[in-house]
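Enquirer: Dropping a structure here in structure tokens format, bear with me for questions.
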Amino acid sequence: MEKREMLYEGKAKKVFITDQADQYLVEYKDDATAFNGEKKGQIEDKGVINNKLSTLLFKELEKVGVPTHFIELLNDREMLVKKLKMLPLEVVVRNITAGSLAKRLGTDEGVVLSRPVVELYYKDDALGDPFVNESHALAMGWANIEELKEVQTLGLKINEVLQKIMDQAGILLVDFKLEFGVADGKILLGDEISPDTCRFWDKDTKEKLDKDRFRRDLGQVEEAYIEVYRRVSGVLVQA
Ligand code: TMP
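The sequence shown begins at 1 in full-length UniProt numbering and counts up one residue at a time.
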């Protein structure tokens, strides 16, 4: 496989084309943004942690039949993935109130939901990724009904798998964001699974171990990312 020119640079990753028409190379950056790019910074070695943690979690998901874009870890910052036609949606799954849900519903953070909540957001930076529902997605042609059913089913299955892993790592899986795409007519999980895209709280102390430390200027950001990787790799290497 040969890395060729950059196709796209996002806020946290770069995507390169390769000599294989159906494969992309993803490079994970240390850049961090929040509030739709308004707040900018760097988290040392975040790219390395997110690349390696996503690899571990994609592999676990594949083992239980969740199809992902992951092909191979190439080095500390790069992974090889399947080329997907992305749905312009962010699929958020929540187990505990936090962030925009707590704000929207006027609840405290930390309330355990009686069942997981699945939400859709339309991926559009200029609009600030607005909250949308299924009928918006269908009417606007962002996904068809089968695709919407599939991302919901996969979202809930991924939630169960990740909750189990995180529980063993002494971590509460508060909520997380997924992005899906289509390859060969099939829906696959794309993007990443990391402290950038999940809320992780220590099970005992409820200490935040994710990007909220950056968003909210809580300090010890690098340390939190490293701690999540240390705990999860400990669990998965033993398994
Ligand atoms: P929210 O509470 O801000 O809506 O975030 C829900 C989850 O989605 C949380 O785990 C963080 C993640 N997320 C992203 O990965 N990217 C984003 O742009 C936003 C707003 C949230």
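Note that beta-carbon positions come from the ideal geometry of N, C-alpha and C, so glycine has one too.
Just curious, the alpha helix (DSSP H) that GLY181 is in, first and last residue?
Expert: For the purposes of this step, residue 181 is identified with residue 181 of the sequence shown, where counting begins at 1. Segment 180–183 is the beta strand (DSSP E) holding GLY181; no alpha helix (DSSP H) there.
Enquirer: Report the partner residues of VAL92 according to the DSSP bridge assignment.
Expert: Here residue 92 corresponds to residue number 92 of the sequence shown, with the count starting at 1. The partner list for VAL92 (beta bridge, DSSP) reads GLU119, LYS177.
Enquirer: For VAL228, which residues from the same chain have a beta carbon less than 6 Å from its beta carbon, with the 5 sequence-adjacent residues on both sides left out?
Expert: For the purposes of this step, residue 228 is identified with residue 228 of the sequence shown, where counting begins at 1. Around VAL228: PRO195, PHE200, LEU209.
Enquirer: Does DSSP put MET86 in a helix, a strand or coil?
Expert: Within the sequence shown, numbered from 1, the residue matching residue 86 stands at position 86. Three-state result, MET86: strand.
Enquirer: Between ASP108 and ligand 1, is there a pair consisting of the residue's CB and a ligand heavy atom that are separated by less than 7 Å?
Expert: As a first step, residue 108 must be located in the sequence shown, where it is residue number 108. No; taking the cut-off as 7 Å, the Cβ of ASP108 has no heavy atom of ligand 1 nearer than that.
Enquirer: Using C-beta distances below 8 Å, list every residue in its chain close to ASP175, excluding the 5 sequence neighbours before and after it, in chain order.
Expert: Walking along the sequence shown from the start, residue 175 turns up at place 175. So the qualifying residues of the chain are VAL92, VAL93, ARG94, ASN95, ILE96, ALA98, GLY99, LEU101, CYS198, ARG199.
Enquirer: List the DSSP bridge partners of GLU9.
Expert: As a first step, residue 9 must be located in the sequence shown, where it is residue number 9. Its beta-bridge partners are LYS14.
Enquirer: By the three-class DSSP mapping on this structure, what secondary structure does ARG199 have?
Expert: Numbered from its first residue, the sequence shown carries residue 199 at position 199. In this structure, ARG199 counts as strand in the three-state DSSP scheme.
Enquirer: By a C-beta neighbour count over all protein chains shown, 10 Å radius and 16 as the cutoff for buried, is PHE35 buried or exposed?
Expert: In the sequence shown, counting from the first residue as 1, residue 35 sits at position 35. PHE35 comes out exposed.
Enquirer: Just to check my reading of the structure: LYS157 and VAL66 have Cβ atoms closer than 8 Å, yes? What is that Cβ distance to the nearest angstrom?
Expert: Position 157 of the sequence shown holds residue 157. Position 66 of the sequence shown holds residue 66. The Cβ separation is near 6 Å, so the contact holds.
Enquirer: Does the beta-carbon distance from GLU62 to THR55 come in below 8 Å?
Expert: Along the sequence shown, one-based indexing puts residue 62 at 62. Along the sequence shown, one-based indexing puts residue 55 at 55. For GLU62 and THR55, no; Cβs fall outside 8 Å.
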